[in-house]
Amino acid sequence: MEPSGSLTLSEIHIGSLPAGKVAVSLRARSVNPLVLDGFTLVEQQTSKAAAFVDLPWRIKPELMEGPIPGSLILHYPDSPCYYGLSWNYPGAEIRQFLSDELDHFARHTVHEHVSPILHGNGKGHYTNVFMRPIALNPASSLILHGMVCGGTLEEVHARLASFALDAGSCESVYLAERRKLESPPAYAAGDRYAFSQQLMRATLLTNTVFPVYTKRTFIRHNTPGRWWDSLYTWDSGFIGLGFADLDDSRAIDCLNAYMTEPGDPEAAFIHHGSPVPVQHYLFQELWNRKQSPEFLNYFYPRLRQYYLFLAGKINGSTTDVFQTGLLQTWDYFYNSGGWDDYPPQKHVHELKLEPKAAPVITTSQLIRIAKILRMAAAASDNRQLDTEEYDKDIRRWSDALNAYAWDEEAGCYGYVLHNEEGEYEGLLRHGSEANYNRGLDGLYPLLAGVCDKERTRRLIDALFDEQRFWTPIGLSTVDQSAPYYRADGYWNGAVWMPHQWFFWKTMFDYGYPDLAYRIANTALELWKRETEATYNCYEHFIVQSGRGAGWHHFGGLSAPVINWFAAYYELGKVTTGFNVWMLRQHCKPDYTEYDSEFHYAGQADQPFHIRVNLAEGLSYEAAGTGCDVVCSCHPGGGVELIISNCLPHASFRIRPMPESSRSRSSHDRSGFQS
0 MEPSGSLTLS EIHIGSLPAG KVAVSLRARS VNPLVLDGFT LVEQQTSKAA
50 AFVDLPWRIK PELMEGPIPG SLILHYPDSP CYYGLSWNYP GAEIRQFLSD
100 ELDHFARHTV HEHVSPILHG NGKGHYTNVF MRPIALNPAS SLILHGMVCG
150 GTLEEVHARL ASFALDAGSC ESVYLAERRK LESPPAYAAG DRYAFSQQLM
200 RATLLTNTVF PVYTKRTFIR HNTPGRWWDS LYTWDSGFIG LGFADLDDSR
250 AIDCLNAYMT EPGDPEAAFI HHGSPVPVQH YLFQELWNRK QSPEFLNYFY
300 PRLRQYYLFL AGKINGSTTD VFQTGLLQTW DYFYNSGGWD DYPPQKHVHE
350 LKLEPKAAPV ITTSQLIRIA KILRMAAAAS DNRQLDTEEY DKDIRRWSDA
400 LNAYAWDEEA GCYGYVLHNE EGEYEGLLRH GSEANYNRGL DGLYPLLAGV
450 CDKERTRRLI DALFDEQRFW TPIGLSTVDQ SAPYYRADGY WNGAVWMPHQ
500 WFFWKTMFDY GYPDLAYRIA NTALELWKRE TEATYNCYEH FIVQSGRGAG
550 WHHFGGLSAP VINWFAAYYE LGKVTTGFNV WMLRQHCKPD YTEYDSEFHY
600 AGQADQPFHI RVNLAEGLSY EAAGTGCDVV CSCHPGGGVE LIISNCLPHA
650 SFRIRPMPES SRSRSSHDRS GFQS
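Under numbering that gives the first Met the number 0, think of the first position of the sequence shown as 0, with each following residue one higher.
Dropping the structure here:
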């Protein structure tokens, strides 16, 4: 059969066959996949009569009256299943929408108040049990219940006839399920965020679309907002991080949706949008929660394949094309870090500099996920060769960033330009001669952990300088003192949650609990103010006004507000930086004791921070093995640890302080760096 980009009909003569069973074996002669829609085995003289005809799916159901008032049975001709609906409100009528979507269509037909059939493009069908206006007296409430079931006609008929929609029994069913959704116990200080967190959780959990087609199947998918019913790789990484503090199974599903089988010849991972590998961070967060060997062994080879592609090593990847060793992903998407109008990125595209320019974030992200995978490999069996490869990659990319991208005068890392041979040419500069990368991209080597102590200090100072990155509502994406900073951009002049999450976690790696808390607390307060004022869950926030903007039911890149609440208020939650890989941990059921064993991948002389949310009202002490531990209690709740002189393999315990010691203890925070 000849290769083709579309379905073709091939006739293959196989000669005479004896009666009996026949085995048919099909094999592709090249790397091109074989997609078989179907085949038929016929006598040669009748072959011209064989045809494959598209099946016209019949999308309009038969609507049948149910066995009781307020019930309806639907049957779609091409489905064996019958569906039953019942409701307990008398003023209802059945309407039909003849359209493949409701979002645009309903907006243009909402004025059609009386028509039982609303005609759209005819490519889909929706059945609507339309309840007429529901009257409520002042200061009163009304609860309505409905039921949906499926099965054979007889099963649906019997279910509808036997299920009484009385308020008592329905409410008991509802409340039994609702109790499964109760939030974990939290500190009383977190009550002020109850409403804003409830809105974010509801938005995140209900931004689900079906069907989305990927990997030759239809999947249920979590999307940043139902306005965009498609795959989004980095957005969905943050959706998964939000799920990690809501529902482990949803988080794992979200992670797995972007994985492919090891050795997949077509795709190393499912890619759409900005190639920021958030899936690796979600993987680490889920591992650090429960340490499941099955989880590790399933996802590690898939995430390694994802990494190898971004590193330019498999599937014909073109990310590693420069002699400097710096990486770029322009061949796959215009957006290096999800920040659409980020000034140097915008400039690169306007001047068509993609073949020459390497941003900082891509190489920095690859260094960090190499460190995550190196820890995962050390915890897996027979992964020594992988570990050696990660070490080599980390050294090469770290040297490249520090040798070519650092700008001593600007105090940040810049976009690196190359000549036609891929050799270093210089840094990308604005017309004013200022470094064009005075934004968060220029600080990303902090996340990678490749800066010496002096550069680390300068970058952290810049992050929290109110004239530069720090604003009353959080971290600006672009340095406010840069000549190309704008107050009315999408990312340029705005505060977004996702990159703040990366720098928040980075503060744990450098032992700055107060700075980490400043990022998280500022974001939680911002989210609280906006949601209480508007009931909207926005994409980003404008520095000038402090108000939300963008899509108003956004669950993707705003999901870190879930993580920040959990980190500072949810009992039993343990939060670390990127350099900690948990090996074992145990928290007492009453949250009064905690112990853990972990692998540390940072520098031995670098203090770092771990936070453990234990029960309030007690003073705690901590003891470490293979490390020194300073323990303190945060005023809002939680035990904060500064760990120093740490060996690669270490452990610590937190216990309530003995009564005899409590009178001598103090709760100063002098052990923390500030």
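The C-beta atom is built at its ideal place from N, Cα and C for all residues, glycine as well.
Query                                                                                                                                                                 : Result
For C450, does the count of other Cβ atoms within 10 angstroms reach 16, so buried, or fall short, so exposed?                                                        : buried
Is it true that the CB of G438 sits closer than 8 angstroms to the CB of D478?                                                                                        : yes
Would you kindly work out how many angstroms separate the C-alpha atoms of T591 and L582, rounded to a whole number?                                                  : 21 angstroms
Let me know if L203 comes out buried or exposed under the rule of 16 or more other beta-carbons within 10 Å of its beta-carbon.                                       : buried
Measuring CB to CB, does A614 end up less than 8 angstroms from N644?                                                                                                 : no
Tell me the residue span of the beta strand (DSSP E) that contains N127.                                                                                              : 125-130
If we ignore side chains and look at the alpha-carbon of each, how far apart do I541 and D53 end up?                                                                  : 51 angstroms
Would you call the region 392-408 in contact with the region 363-372, where contact means no fewer than 3 C-beta pairs closer than 8 angstroms?                       : yes
With H, G and I counted as helix, E and B as strand and the rest as coil, what does DSSP make of R26?                                                                 : coil
Using a threshold of 8 angstroms, state whether the C-beta atoms of H552 and P482 are closer than that.                                                               : no
For R26, count neighbouring C-beta atoms within 10 Å of its own C-beta (all shown protein chains included) and say buried if the count is 16 or more, exposed if not. : exposed
Please report the residue range of the beta strand (DSSP E) in which V628 lies.                                                                                       : 627-632
Would the region 461-470 and the region 565-573 be scored as touching if the rule is three or more Cβ pairs under 8 angstroms?                                        : no
Candidates V30, A310, F298: which alpha carbon is nearest D392's?                                                                                                     : A310
Using beta-carbon positions only, say whether L143 and I93 come within less than 8 angstroms of one another.                                                          : no
Look at the Cβ atom of F268, then the Cβ atom of Q304, and state whether they are nearer than 8 angstroms.                                                            : yes
On the criterion of 16 or more Cβ atoms from any shown chain inside 10 Å, does T45 qualify as buried, or is it exposed?                                               : exposed
DSSP on I251, reduced to helix/strand/coil?                                                                                                                           : helix
Rank P76, I58, L84, A404 by C-alpha distance to the C-alpha of G69 and give the top, closest one.                                                                     : L84
Report the rounded CA-to-CA distance for F51 versus Y257, giving the unit in angstroms.                                                                               : 33 angstroms
Can you give the Cα-Cα distance for G670 and S229, rounded to whole angstroms?                                                                                        : Only weak support exists for where G670 lies, its pLDDT of 35 falling under 50; the coordinates are left without a value.
How many Å lie between V30 and N314 at the Cα?                                                                                                                        : 12 angstroms
For S78, count neighbouring Cβ atoms within 10 angstroms of its own Cβ and tell me buried if that reaches 16, exposed if not.                                         : exposed
If you draw a straight line from the alpha carbon of G492 to that of G547, how long is it in whole angstroms?                                                         : 13 angstroms
Could you give the distance in angstroms between the alpha-carbon of Y173 and the alpha-carbon of E1?                                                                 : 58 angstroms
If I measure Cβ to Cβ from Q290 and keep anything under 8 angstroms in the same chain, skipping five residues before and after, which residues do I get?              : M581, L582, R583, Q584
How is E524 classed by DSSP in three states: helix, strand or coil?                                                                                                   : helix
Would you mind giving the Cβ-Cβ distance between G410 and A461, rounded to the nearest angstrom? I have them listed as a contact below 8 angstroms.                   : 6 angstroms
Tell me whether W490 is buried or exposed, calling it buried when 16 or more other Cβ atoms sit within 10 Å of its Cβ.                                                : buried
For L285 versus D247, is the C-beta distance shorter than 8 angstroms?                                                                                                : yes
Please confirm whether A522 and W550 have their CB atoms less than 8 angstroms apart.                                                                                 : no
Nearest CA to the CA of Y186: which residue from Y306, N612, H348, R517?                                                                                              : N612
So, using beta-carbon positions, are I58 and H103 closer together than 8 angstroms?                                                                                   : no
Below 8 angstroms, can you find three or more Cβ-Cβ pairs linking the region 332-351 to the region 294-303?                                                           : no
Please classify Q672 as buried or exposed, where buried requires at least 16 other C-beta atoms within 10 Å of its C-beta.                                            : With a pLDDT of 33 at Q672, under the threshold of 50, the modelled position of this residue cannot be trusted, and the question is left open.
V172 lies in the alpha helix (DSSP H); which residues open and close that run?                                                                                        : 166-177
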